[in-house]
Amino acid sequence: MALVNPFRELEGAPNVYTTGRTLMTVNAARDKNVYGERLVEFGEVQYRSWDPMRSKLAALMLLGVRDLGLDQSSRVLYLGAASGTTASHVSDVASSGIVYCVEVSPRSFRDLVGVCESRKNMIPIMADASRPEDYSHMVEGVGLVYQDIAQRDQAEIFARNMRHFEAERGILMLKSRSVDVNRAPADVYAEVREELSSKGLKVREAIDISRYAMDHAAFVVTR
């Protein structure tokens, strides 16, 4: 009797799979993991477990947010790629697209380069995300900006990159304590929502993801 594949594609999230409780992506770098995640074989396909405690994007999907503008052919500008944990899953999803990974920390960038070496659609860029003009010559045709950086002016940096690259979709992972440690996160989120709107971005979703990442919210926007 044929085995039944336990993984089904998550509704509204192309190339992301679920067993009902966990998320998986198809490993674009077979037999290689990035952060100790579990690898699971079924037939000729190898899946990687996507941990929402290690990836805010996975957390956002598990909280029910879909239609993020991320699919097989996406061209993504990832700001704050760090050592490549979430960026590698984005690489799995955008299997025929490209992920431009911007990171400013030399230590994290070394780790990121190691991940990119085994993934043909990940491009490492060592640069300051607040200065898109410094790396625009290396980035082409971006449709989605994803940002996860812990700086006071996170929203401004995000809007600047959305505008500079004329991206139609964006996801901002906002750390409220980096904006203002003395204010309630909900107040910071409300202020950031107004700031994004004032910069011509339409906020489709604003979701508190503190269940997985303390004092964080995700903003899903379009232009």
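Each step along the sequence shown adds one to the number in this note's numbering, with nothing skipped, and position 41 is 21. From the three backbone atoms N, C-alpha and C, an ideal C-beta is built for every residue, glycine too.
Residue burial classification, residue i (beta-carbon count within 10 angstroms, cutoff 16)
i, result
"P86", "exposed"
"M194", "exposed"
"Q52", "exposed"
"S177", "exposed"
"V161", "exposed"
"K100", "exposed"
"P(-14)", "exposed"
"S156", "buried"
"N13", "exposed"
"A130", "exposed"
"A38", "buried"
"E21", "exposed"
"G49", "buried"
"M142", "buried"
Assumed close pair residue i, residue j - CB separation to whole angstroms, cut-off 8 Å
i, j, result
"R140", "V159", "Not a contact, Cβ separation roughly 16 Å."
"P112", "H144", "4 Å"
"M41", "A67", "Not confirmed; about 15 Å, so no contact."
"R184", "V172", "Actually they are not in contact, since the Cβ atoms of R184 and V172 sit about 14 Å apart, beyond 8 Å."
"Y154", "A109", "The sequence given here has Leu at residue 154, not Tyr. Not quite, the Cβ-Cβ distance comes to about 14 Å (not below 8 Å), so this is no contact."
"T(-2)", "R(-12)", "6 Å"
Pairwise C-alpha distance: residue j and residue i
i, j, result
"K182", "L(-17)", "45 Å"
"D128", "S76", "23 Å"
"A61", "G0", "28 Å"
"L43", "A197", "12 Å"
"R149", "F138", "11 Å"
"I189", "L152", "12 Å"
"G123", "A164", "33 Å"
"S63", "A166", "29 Å"
"G(-8)", "S116", "30 Å"
"S54", "D47", "12 Å"
"A74", "V95", "15 Å"
"K179", "T65", "30 Å"
"V45", "I187", "9 Å"
"C81", "G23", "31 Å"
"V84", "I78", "20 Å"
"R191", "I105", "31 Å"
"S98", "E175", "38 Å"
Contact test: residue i Cβ vs the ligand SAM heavy atom, cutoff 8 Å
i, result
"L50", "Because no ligand of any kind appears in the structure shown, any question about the ligand SAM cannot be addressed here."
request  = Return the chain-ordered ranges of every beta strand (DSSP E) run that is complete within the segment 27 to 84 and spans a minimum of 3 residues.
outcome  = 55 to 59 and 78 to 83
ask   = How about the segment -12 to 8 and the segment 19 to 36: do they share at least three Cβ pairs that are nearer than 8 Å?
value = The segment -12 to 8 is in contact with the segment 19 to 36.
task = Identify every run of the beta strand (DSSP E) within the segment 92 to 156, keeping only runs that are complete inside it and at least 3 residues long; order them along the chain.
result = 102 to 106, 124 to 127 and 149 to 155
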